[in-house]
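**Student:** Next up is a structure, given as structure tokens.
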Amino acid sequence: MAELVVASNRGPVQFEVDDDGNLTSGRGAGGMVAALGPALAGQAGTWVAAAITEGDRVAARRVARSGRLRTVELAQGSVRLRSLAVDPRAYLRYYNRVSNRTIWFLQHYLFDVPRHPRFDRSFQVAWRDYRDVNLAFAAACDDEASPGGEVFVQDYHLALAPAMLRERRPDLRIAHFTHCPWADPGYFAMLPSRVAAAILEGMLGADLLGFLVPRWARNFQRCCQDAGYRVDRDQGTVLTPDGRSVLVRSYPLGVDGEDLRRRAAERDVQAQLRTVTELSRGRALVVRVDRMELSKNILRGLEGYSLFLERNPRARGRVVHYALAYASRRDLPEYQAYTAEVKHAAEAINERFRTRSWEPVLLELRDNYPKALAAMALADVLLVNPVWDGMNLVAKEGPAVTRRDLVLILSRNAGAADDLADGALLVNPFDTAELAEAIATALTMPADERAKRAALLREGASALPPQDWFAAQRADLAALRPFG
Ligand code: G6P
Numbered sequence: 300m301a302e303l304v305v306a307s308n309r310g311p312v313q314f315e316v317d318d319d320g321n322l323t324s325g326r327g328a329g330g331m332v333a334a335l336g337p338a339l340a341g342q343a344g345t346w347v348a349a350a351i352t353e354g355d356r357v358a359a360r361r362v363a364r365s366g367r368l369r370t371v372e373l374a375q376g377s378v379r380l381r382s383l384a385v386d387p388r389a390y391l392r393y394y395n396r397v398s399n400r401t402i403w404f405l406q407h408y409l410f411d412v413p414r415h416p417r418f419d420r421s422f423q424v425a426w427r428d429y430r431d432v433n434l435a436f437a438a439a440c441d442d443e444a445s446p447g448g449e450v451f452v453q454d455y456h457l458a459l460a461p462a463m464l465r466e467r468r469p470d471l472r473i474a475h476f477t478h479c480p481w482a483d484p485g486y487f488a489m490l491p492s493r494v495a496a497a498i499l500e501g502m503l504g505a506d507l508l509g510f511l512v513p514r515w516a517r518n519f520q521r522c523c524q525d526a527g528y529r530v531d532r533d534q535g536t537v538l539t540p541d542g543r544s545v546l547v548r549s550y551p552l553g554v555d556g557e558d559l560r561r562r563a564a565e566r567d568v569q570a571q572l573r574t575v576t577e578l579s580r581g582r583a584l585v586v587r588v589d590r591m592e593l594s595k596n597i598l599r600g601l602e603g604y605s606l607f608l609e610r611n612p613r614a615r616g617r618v619v620h621y622a623l624a625y626a627s628r629r630d631l632p633e634y635q636a637y638t639a640e641v642k643h644a645a646e647a648i649n650e651r652f653r654t655r656s657w658e659p660v661l662l663e664l665r666d667n668y669p670k671a672l673a674a675m676a677l678a679d680v681l682l683v684n685p686v687w688d689g690m691n692l693v694a695k696e697g698p699a700v701t702r703r704d705l706v707l708i709l710s711r712n713a714g715a716a717d718d719l720a721d722g723a724l725l726v727n728p729f730d731t732a733e734l735a736e737a738i739a740t741a742l743t744m745p746a747d748e749r750a751k752r753a754a755l756l757r758e759g760a761s762a763l764p765p766q767d768w769f770a771a772q773r774a775d776l777a778a779l780r781p782f783g
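Just so we're aligned: the sequence shown equals residues 300 to 783 in the numbering used here.
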């Protein structure tokens, strides 16, 4: 039993079974794991996460037989992992159909509205699975949490779990954190009313609801207000029908700069520095690092770059766009189509502009963290142009890891824009002409302005490392309902 329990869909590591039946493990992907890993390591807590791969399920079975939880080593220390295996088909409906294709799309305004969403019979089946998986998480947290302990539930996959857990364990202090944006009430109302109501009610089972920046917290409060809850904007609270007052706050998140630079000094990253240097051959490097993700706006990024080349003939041959976009959510047809479009768009630029000695776009689709760090460390310009993004940690990792005066082109719709506005070149992510101009501005920026902006970026990026971000939530939760 632990004082501190964290629950999230994706865990800190992912297991794979190799050809000899041995288990190998790698780092879990995405912003949530990047934030929680360092925050939790060394805290003597338990992390409850879904068994996602077949390897995870094998690992979970072995642990169940041994009767003891697995301890996993992260860069910053170890954590105890409780891996939750649910029926694989139900898991896919919970993860693909409801979490990713519905809630993620909703919170990032990604629906192709003339066609999707459709809340038909198959959605109803998937919604039941979503409820069941949330219930399984609530039960596991109930199991793991000590009396009066704290449970930190993460993200949109687990919106119902806080209320389910409260029902079983009123003694616990419960927080929920949303790692993505929150849509405005008009868009949120696209959900079937009982689904929208269940999500709000589920989350309001917590004592504390965390968001990355004030804009998302405000949208959430407006949704609550429209649903008939009493909201006190000044206090930042939502009153529930059973008389509880739920605190809604934003906790901006940055990166641990020192830790990143230490990681970048390791041999694998150093080797990649040489590879990336060879790729760029002394040319200016415009880098992006993302999951292959609709909300990351990779297509418009390529379009803006193409426009830049068109309008700046003298830049041709002197710049390379190094786009790292590693595969994500491959089961979804929208992501398969998007991947094909991105490849096609990159190839079209190359066909149009390439010379015998110059390839304008290098697209890399394999997940390679050391290479991503090396690319960020060598970048002249880092392009982060999501249509919407809860925070976007790449925008912070880049300035924190590099020793150069990096120029950051940043979408104003990323939460990170709140913290990096003074140093970055902010762009409207839909305006590719503006992006083309921003690339030109970035590549011709005078050295003193680059230095000034880079210093601001470095400071903004490392201001709130994950440890502080998590400590602030713990302090607020502890202050809410004193134990005993
Ligand atoms: C975002 C979400 C995380 C998620 C990550 C990767 O950062 O907020 O919860 O884990 O994307 O997505 P995936 O579907 O691969 O877990």
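Yeah, the Cβ is synthetic: ideal placement off N, Cα and C, and Gly gets one too. Every value quoted in this text rests on a predicted model; they were computed, and no experiment measured them.
So does R309 have its beta carbon nearer than 6 Å to some heavy atom of the ligand ADP?
**Tutor:** This structure simply doesn't include the ligand ADP; it includes the ligand G6P instead.
**Student:** Taking only runs that begin and end inside the stretch 542–625, name each unbroken alpha helix (DSSP H) of 4 or more residues, in chain order.
**Tutor:** Runs of the alpha helix (DSSP H) inside the stretch 542–625: 556–563, 566–579, 597–610.
**Student:** Pick from A425, G714, E592, D319: whose alpha carbon is nearest that of R396?
**Tutor:** The residue you call residue 396 lines up with position 97 of the sequence shown. Minimum Cα distance to R396 is reached at A425.
**Student:** Closest to R430 by C-alpha separation, out of P416, G501, R467, R360, would be which residue?
**Tutor:** Numbered from 1 along the sequence shown, position 131 holds the residue referred to as residue 430. That would be G501, whose Cα lies nearest to the Cα of R430.
**Student:** Would you be able to state if there are at least three C-beta pairs under 8 Å between the stretch 382–390 and the stretch 398–418?
**Tutor:** Contact fails: fewer than three Cβ-Cβ distances are below 8 Å.
**Student:** Under a CB-based cut-off of 7 Å, is G447 close to chain B?
**Tutor:** Note that chain B does not occur in the displayed structure, where there is just one protein chain.
**Student:** If L692 and I708 are in contact, beta carbons under 8 Å, what's the gap, nearest whole angstrom?
**Tutor:** Here the question's residue 692 lines up with position 393 in the sequence shown. Here the question's residue 708 lines up with position 409 in the sequence shown. L692 to I708, Cβ: 16 Å. No contact.
**Student:** What does the alpha-carbon distance come out to for the pair N712 and D541?
**Tutor:** As a position in the sequence shown, residue 712 is number 413, starting the count at 1. As a position in the sequence shown, residue 541 is number 242, starting the count at 1. Going by the C-alpha atoms only, they are around 36 Å apart.
**Student:** Nearest CA to the CA of S785: which residue from L339, R367, P685?
**Tutor:** A query on residue 785 cannot be resolved here, the shown segment of the chain reaching from 300 to 783 and no further.
**Student:** In angstroms, rounded to a whole number, what distance separates the CA positions of M331 and L742?
**Tutor:** For the purposes of this step, residue 331 is taken as residue 32 along the sequence shown, with counting starting at 1. For the purposes of this step, residue 742 is taken as residue 443 along the sequence shown, with counting starting at 1. Between M331 and L742, the C-alpha separation is close to 32 Å.
**Student:** With a Cβ-Cβ cutoff of 7 Å, do G556 and A762 count as a contact?
**Tutor:** For the purposes of this step, residue 556 is taken as residue 257 along the sequence shown, with counting starting at 1. For the purposes of this step, residue 762 is taken as residue 463 along the sequence shown, with counting starting at 1. No; because the gap between Cβ atoms is not below 7 Å, this pair is not in contact.
**Student:** Taking the CB atoms as reference points, tell me whether S382 and A350 lie closer together than 7 Å.
**Tutor:** Numbered from its first residue, the sequence shown carries residue 382 at position 83. Numbered from its first residue, the sequence shown carries residue 350 at position 51. In contact: S382 and A350 (Cβ atoms closer than 7 Å).
**Student:** Alpha helix (DSSP H) containing Q313: first to last residue?
**Tutor:** By one-based count along the sequence shown, residue 313 stands at place 14. First-last for Q313: 312–316, but that is the beta strand (DSSP E), not the alpha helix (DSSP H).
**Student:** What residue range is occupied by the uninterrupted alpha helix (DSSP H) comprising F519?
**Tutor:** Position 220 of the sequence shown holds residue 519. First-last of the alpha helix (DSSP H) with F519: 513–525.
**Student:** For K751, which three-state DSSP category applies?
**Tutor:** Along the sequence shown, one-based indexing puts residue 751 at 452. K751: helix per DSSP, three-state reduction.
**Student:** For the ligand G6P, I want to know if S627 counts as a neighbour, meaning its beta carbon is within less than 6 Å of at least one of the ligand's heavy atoms.
**Tutor:** Along the sequence shown, one-based indexing puts residue 627 at 328. For the ligand G6P, at least one heavy atom lies less than 6 Å from the Cβ of S627.
**Student:** By the three-class DSSP mapping on this structure, what secondary structure does T352 have?
**Tutor:** Translated into positions along the sequence shown, residue 352 becomes position 53. The answer is coil: DSSP assigns T352 none of H, G, I, E or B.
**Student:** Taking the alpha helix (DSSP H) that H475 belongs to, which residues open and close that run?
**Tutor:** Taking the sequence shown and counting its residues from 1, the one referred to as residue 475 is at position 176. Looking at the DSSP string, H475 is not in any alpha helix (DSSP H); the run it does join, the beta strand (DSSP E), is 472–476.
**Student:** CB-CB under 6 Å to G783, same chain, minus the five flanking residues each way: which ones, in chain order?
**Tutor:** Position 484 of the sequence shown, counting from 1, holds the residue named residue 783. The predicted position of G783 is uncertain, since its pLDDT is 40 and thus under 50; a value taken from the coordinates is nonetheless stated next. Contacts found: none.
**Student:** In whole angstroms, what is the alpha-carbon distance linking A626 and R665?
**Tutor:** Along the sequence shown, one-based indexing puts residue 626 at 327. Along the sequence shown, one-based indexing puts residue 665 at 366. Answer to the nearest angstrom: the Cα atoms are 7 Å apart.
**Student:** Classify F451 as helix, strand or coil using the three-state DSSP reduction.
**Tutor:** As a first step, residue 451 is located in the sequence shown; it is residue number 152 there, counting from the start. Strand at F451.
**Student:** Given 6 Å as the limit, tell me if H407 has its C-beta closer than that to any heavy atom belonging to the ligand G6P.
**Tutor:** Reading the sequence shown from its first residue, position 108 is the one you call residue 407. Because no heavy atom of the ligand G6P lies under 6 Å away, the Cβ of H407 does not count as near it: no.
**Student:** Taking DSSP as the reference, what is the three-state secondary structure of E658?
**Tutor:** Along the sequence shown, read from residue 1 onward, the residue named residue 658 stands at position 359. Residue state, collapsed to three classes: coil.
**Student:** Following the continuous beta strand (DSSP E) through V693, name the residue where it begins and the one where it ends.
**Tutor:** To locate residue 693, count along the sequence shown from 1; it is residue 394. Not the beta strand (DSSP E): V693 falls in the alpha helix (DSSP H), residues 693–700.
**Student:** Specify the secondary structure class of L742 as computed by DSSP and reduced to three states.
**Tutor:** Mapped onto the sequence shown, residue 742 falls at position 443. Looking at L742 - three-state DSSP - the assignment turns out to be helix.
**Student:** Please name the residue in A737, R651, E633, L546 whose C-alpha comes closest to that of L682.
**Tutor:** Working through the sequence shown from its first residue, we reach residue 682 at position 383. With distances taken between Cα atoms, L682 lies closest to A737.
**Student:** Might you give, ordered along the chain, the residues of its own chain that have their beta carbon closer than 8 Å to the beta carbon of L606, omitting 5 neighbours on each side?
**Tutor:** Position 307 of the sequence shown, counting from 1, holds the residue named residue 606. Answer for L606: T731, A732, L734, A735, listed in chain order.
**Student:** Is it a yes or a no for the stretch 450–460 touching the stretch 495–515, going by three-plus beta-carbon pairs under 8 Å?
**Tutor:** Yes, they touch.
**Student:** Does the stretch 633–641 come close enough to the stretch 521–541 that 3 or more CB-CB pairs lie under 8 Å?
**Tutor:** Judged by Cβ distances under 8 Å, the stretch 521–541 makes no contact with the stretch 633–641, as fewer than three pairs qualify.
**Student:** Starting from the Cα of R543, find the closest Cα among A505, R566, V575, V568 and give me that residue.
**Tutor:** Position 244 of the sequence shown holds residue 543. Closest option to R543, Cα to Cα, is A505.
**Student:** Give the straight-line distance between the Cα atoms of H478 and A720, rounded to the nearest whole angstrom.
**Tutor:** Working through the sequence shown from its first residue, we reach residue 478 at position 179. Working through the sequence shown from its first residue, we reach residue 720 at position 421. Computed Cα separation, rounded: 20 Å.
**Student:** What span of residues does the alpha helix (DSSP H) with V332 cover, start to end?
**Tutor:** Taking the first residue of the sequence shown as 1, we reach residue 332 at position 33. 330–339 is the span of the alpha helix (DSSP H), which, as asked, contains V332.
**Student:** Return yes when at least one heavy atom of the ligand G6P lies under 6 Å from the C-beta of G553, else no.
**Tutor:** Indexing the sequence shown from 1 puts residue 553 at position 254. Incorrect: G553 has no Cβ contact closer than 6 Å to the ligand G6P.
**Student:** What residues in its chain sit with their C-beta under 8 Å from that of T345, if we drop five residues either side in the sequence?
**Tutor:** Position 46 of the sequence shown, counted from the start, is the residue given in the question as residue 345. The answer, listed in chain order, is A301, L303, V304, V305, L368, V378, R379, L380, R381, E443.
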